[in-house]
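With the numbering used here applied, the sequence shown has no gaps in its numbers, which climb one by one up to 186 at the end. Glycine included, each C-beta is placed from N, C-alpha and C at the ideal position. Since this is a predicted model, take the numbers as computed values, not measurements.
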Amino acid sequence: MAFLVRKLHLLEDLYYFCDADESISEDLEKNSTIDRSEKLYAYKTTIDKKNLEPKPEDFLREKKFLGYRTFDTGDFSLAKASYFFVQAQEPNETAFQKAAEAIYLEALWQNIRFVDDLFYLRILEEGGKMLFQILRTIETKGTI
43 MAFLVRKLHL
53 LEDLYYFCDA
63 DESISEDLEK
73 NSTIDRSEKL
83 YAYKTTIDKK
93 NLEPKPEDFL
103 REKKFLGYRT
113 FDTGDFSLAK
123 ASYFFVQAQE
133 PNETAFQKAA
143 EAIYLEALWQ
153 NIRFVDDLFY
163 LRILEEGGKM
173 LFQILRTIET
183 KGTI
């Protein structure tokens with residue numbers, strides 16, 4: 043599957059509420075602005091631009107749950123910044139790895155630097171379908 047890598051300029055922080063075991067009590071969900079249809083994870087990567095033939099399993103390592111989307115301040119925020127991102131349907135680990143690889147290759151091609159060693163994974167429901175987004179923060183020159 044080929045992925046189209048796009049540039050995203052996130053204009054405001056997105057907040058997430060974290061419950062370590064990915065469960066939220068129904069009382070908390072009813073009385074707050076938590077959206078269980080959207081989850082955020084982070085992966086570390088061991089690949090940098092010196093890796094000309096990286097192994098697929100090295101793109102996404104050390105998966106960590108960061109939270110459910112909330113419209114209040116949360117435990118974590120996906121920061122206002124510029125990102126390379128891929129969006130697709132049918133969330134699965136193989137697709138996540140291939141999307142991360144596509145982002146890495148696009149950055150090499152455009153000579154874009156990444157800010158850190160993290161990929162973010164958003165899993166969300168849109169129009170009754172599950173989809174995913176893989177994002178990686180990129181350096182920008184000037185302002186957004």
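Beta carbon of residue i, beta carbon of residue j: below 8 Å?
i: threonine 13; j: phenylalanine 174; result: Given a span of 43 to 186 for the chain in the structure shown, any question on residue 13 remains unanswerable.
i: threonine 56; j: serine 119; result: The residue you asked about is not threonine; residue 56 is leucine in the sequence shown. In contact: leucine 56 and serine 119 (Cβ atoms closer than 8 Å).
i: glutamine 131; j: lysine 171; result: yes
i: leucine 147; j: lysine 91; result: no
i: leucine 52; j: tyrosine 83; result: no
With DSSP as the reference, label residue i as helix, strand or coil.
i: lysine 140; result: helix
i: leucine 147; result: helix
i: aspartate 100; result: helix
i: glutamate 167; result: strand
For residue i, which residues of its own chain have a beta-carbon under 6 Å away from its beta-carbon, when the five flanking residues on both sides are left out?
i: isoleucine 154; result: Ile180
i: aspartate 100; result: Thr88 and Ile89
Between which residues of its own chain and residue i is the CB-CB distance below 7 Å, once the five residues before and five after are set aside?
i: threonine 185; result: With a pLDDT of 42 at threonine 185, under the threshold of 50, the modelled position of this residue cannot be trusted, and the question is left open.
i: leucine 102; result: Tyr85, Thr87, Phe138, Gln139, Ala142 and Phe161
i: phenylalanine 127; result: Arg48, Leu50, Gln175, Ile176 and Leu177
i: aspartate 61; result: none
i: threonine 182; result: Ser124
To the nearest whole angstrom, what separates the beta carbons of residue i and residue j, a pair I think is in contact under 8 Å?
i: tyrosine 85; j: phenylalanine 161; result: 5 Å
i: lysine 122; j: glutamate 54; result: 6 Å
Please name the residue or residues paired with residue i in a DSSP beta bridge.
i: alanine 130; result: Phe174
i: alanine 84; result: Lys106 and Tyr162
i: serine 119; result: Tyr57
i: lysine 49; result: Phe126
i: arginine 111; result: Tyr58 and Asp77
i: leucine 89; result: The residue you asked about is not leucine; residue 89 is isoleucine in the sequence shown. Note: isoleucine 89 sits in no beta bridge, so no partner.
i: threonine 179; result: Tyr125
Might you give, ordered along the chain, the residues of its own chain that have their beta carbon closer than 8 Å to the beta carbon of residue i, omitting 5 neighbours on each side?
i: threonine 75; result: Thr112, Phe113 and Asp114
i: glutamate 80; result: Tyr110, Arg111, Arg164, Ile165, Leu166 and Glu167
i: asparagine 93; result: Asp100
i: alanine 44; result: Ala144
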